[in-house]
Every structure is written in C-alpha cells, then in structure tokens.
Amino acid sequence: MTQVSNTPYEALEVGQKAEYQKSVEERDIQLFAAMSGDHNPVHLDAEFAAKSMFRERIAHGMFSGALISAAVACTLPGPGTIYLGQQMSFQKPVKIGDTLTVRLEVLEKLPKFKVRIATNVYNQNDELVVAGEAEILAPRKLQTVELVSPPNFVAS
4 MTQVSNTPYE ALEVGQKAEY QKSVEERDIQ LFAAMSGDHN PVHLDAEFAA
54 KSMFRERIAH GMFSGALISA AVACTLPGPG TIYLGQQMSF QKPVKIGDTL
104 TVRLEVLEKL PKFKVRIATN VYNQNDELVV AGEAEILAPR KLQTVELVSP
154 PNFVAS
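Written as structure tokens, this is what we have:
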C-alpha cells in the first residue's frame, strides 16, 4: 500500500500543479468495458476498428476521464476531495500502449472550499488528448491515508 497526503483548501495556491501517469494496457480496456457496459467495437474488436476512422482499436474516451478522477483523488488536492463537475473535450484518440500524463493546475479558489482545476491529459508524445476543467470541493484538513489496492480482477 502507498501512503498519500492531501493538500487542504487553505494550503492550495493558484498555479499549483501536479501530475499523474498511467500506461494504457489491454487489460484496462477490457476491465473498463466490463465495468462501464460500453462494448463499442471500436474499443474491443480489431477488425471493426481497422475499418473505422482510427484504423485501430482505441481506448474509451471516459477512460481518460477516470484517470483525471484518479489524479484529483490521489494527487491534487488528494484524499478527501469531492468532485462537483468536470468539463472535457477529446482532442486525439488514446491508443492501447499509450502512456498518459494527467496534468492538474489550480486555476481559482472559490468560496466554500470550492476550487477550479485545469485537467489536461497528454500522451507520451506530449500531445494533448483531453482538455478539461473540474470544479471540486477541497478537503478542509490535512490527512495522510493508505491507498488500498483493489482486488485482482480477471477480465474474461
């Protein structure tokens, strides 16, 4: 398990940044499809995807959204953060094997512990794949927690 500390509202500063990185693996696509119910063949069927505008299978768009959620929950502000809203626009497809970096930046501190954060996702070539912005409710106090690993799931 990994220990993670949050950044409470009072300690957040406009311009503060954090990053979160993950490589997109076949297992991620299978598990996301199973969890979400999104079985679009452009994500799961190589033959179908080869005939699409992408010419190969791509990751679900909301997989990138899930990575943004993980970045906010685990890095900035971190544990105890509550999502209030997320705007995203997909700029480029995400492919299996891509390494994605979520870059967060505090844009504005609002009243009542609310914060606006830029939530942009880049691939390994530093190309913007998702542009976004979130509004969150920041934690009120400093906390250090152990991140619990989920059980080992097997996609069938």
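Sequential numbering of the sequence shown, starting at 4, is according to the working numbering.
We put the beta carbon where it would ideally sit given N, CA and C, even for glycine.
(message) Contact defined as beta carbons within less than 8 angstroms: I believe Arg60 pairs with Ile99. What is the distance between those atoms, to the nearest angstrom?
(response) 6 angstroms
(request) Please report the Cβ distance between Gln6 and Thr147, rounded to the nearest whole angstrom; I am assuming they are in contact, meaning their Cβ atoms lie under 8 angstroms. (result) 6 angstroms
(message) For Val118, list the residues DSSP reports as bridge partners.
(response) Lys112 and Ile139
(request) For Ser67, count neighbouring Cβ atoms within 10 angstroms of its own Cβ and tell me buried if that reaches 16, exposed if not. (result) buried
(request) Note down the Cα distance separating Pro114 from Ser92, rounded to an integer number of angstroms. (result) 27 angstroms
(request) Could you round the C-beta distance between Gln24 and Leu107 to whole angstroms and report it? I think they count as a contact, below 8 angstroms. (result) That pair is no contact at about 12 angstroms.
(message) If you follow the beta strand (DSSP E) that Gly64 is in, where does it begin and where does it stop?
(response) Segment Gly64 to Cys77 is the alpha helix (DSSP H) holding Gly64; no beta strand (DSSP E) there.
(request) Could you spell out where the alpha helix (DSSP H) holding Phe93 opens and where it closes? (result) No alpha helix (DSSP H) holds Phe93; the beta strand (DSSP E) holding it covers Ile85 to Phe93.
(request) Drop a sphere of 10 angstroms on the beta-carbon of Asp129, count the other beta-carbons inside from all chains shown, and report buried for 16 or more, exposed for fewer. (result) exposed
(request) Would you kindly report the start and end of the unbroken alpha helix (DSSP H) that includes Ala53? (result) Ala49 to Ala53
(request) Report the three-state DSSP secondary structure of Glu22 (helix, strand or coil). (result) strand
(request) Closer than 6 angstroms by C-beta to Pro44: which residues in its own chain qualify, once you throw out the five before and the five after it? Chain order, please. (result) Phe51
(request) Please list, in chain order, all residues of the same chain as Lys54 whose beta carbon is under 8 angstroms from its beta carbon, the five residues on each side excluded. (result) none
(message) Here's a check: name, in chain order, each residue in its chain whose Cβ is nearer than 8 angstroms to the Cβ of Met56, leaving out the five neighbours to either side.
(response) none
(request) Compute the Euclidean distance between the alpha carbons of Pro80 and Ala36, then round it to the nearest angstrom. (result) 28 angstroms
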